[in-house]
Structure formats: structure tokens, C-alpha cells
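One structure is given below, encoded as C-alpha cells.
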Amino acid sequence: VLALFARTRPLFTALGDERRQEIVVHLLESAAPRSVGDIAAHLELSQPATSHHLKILRDAGLLTVRRKGTLRLYDLNAAAYPDLLTPMGDLITLIISCASDLGEQPNDR
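If you use the working numbering, the sequence shown closes out at 167, no skipped numbers anywhere.
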């Protein structure tokens, strides 16, 4: 179980922040990759703060980045999602199973 937690920790950390959730939703709704400036303007957040959030999402494997001239364009890393989300799903299933088992035990009070 601890190994599963360790494997999913970067994803939980990345998605545990509301601003990063907003970035993911914005990119889901966008028809094309977005620059830091575009994302910052949409979130009404400074570019350095936006870059910080993008780095965390990228390091977790959720985003890709490519250069186009002087711009860095960010997009969802959809190809990696099955590998990223399957362990998270396994962990959630395990937690639900353990919680159900605990709920079925007689109350010792």
C-alpha cells in the first residue's frame, strides 16, 4: 500500500492545488496548447506563479511543453494519463475496500 501511495504522490500533489486544477480544466477546454501568458491571463495570476504551477504539473507528467519561437506552449499529456491514473484508481479501490471491511466489523464499544 505504501508503494502505491509513493507512486501516486506526485499526482496527488499536483492536483491537490485549486489553481493547478484550474489550469488542467482550462487546458481541457482549450482547442490548442497555451502559453504561460495565456494561462496566466485566464487565471488572473502572475506569470511567475503560473510558471511554478505549470512546472509542478509537468513534473507530475500531466503536461507536455514545447517551444514555438520564444514561447513555451503547454498542453495536456493525454498519452500518459492511463499510466498516471491507473495506480491512482488502484489506490482508491484499495482504500474503499479497506474502509468497507472496517465498516463490516462489529462495534466493540
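For every residue, glycine included, the Cβ atom is placed at its ideal position computed from N, Cα and C. Fair warning: this is a prediction, and the values are worked out from it, not measured in the lab.
Counted within 10 angstroms of its Cβ, other Cβ atoms place residue i as buried (16 or more) or exposed
i      : result
Thr151 : exposed
Ala61  : exposed
Ala98  : buried
Tyr139 : exposed
Arg92  : buried
Leu112 : buried
Arg78  : buried
Ile154 : exposed
Thr66  : buried
Ala157 : exposed
Delimiting residues of the beta strand (DSSP E) encompassing residue i
i      : result
Val123 : Leu121 to Lys126
Start-to-end residues for the alpha helix (DSSP H) that takes in residue i
i      : result
Asp75  : That residue, Asp75, is in no alpha helix (DSSP H); it is neither H nor E in DSSP.
Ala98  : Val94 to Leu101
Ala90  : It is not in any alpha helix (DSSP H) - Ala90 carries neither H nor E in the DSSP assignment.
Ala138 : Unbroken run through Ala138: none, as it is neither H nor E.
Ser109 : Gln105 to Asp117
According to DSSP, residues forming a beta bridge with residue i
i      : result
Asp133 : Thr122
Any C-beta of chain B under 7 Å from that of residue i
i     : result
Glu87 : As a matter of chain content, chain B is missing from the structure shown, which is built from one protein chain.
* Asked: Are three or more beta carbon pairs between the stretch 112 to 130 and the stretch 79 to 87 nearer than 8 Å?
  -> yes
* Kindly confirm or deny that the stretch 62 to 73 and the stretch 125 to 136 touch, where touching means at least three C-beta pairs closer than 8 Å. => no
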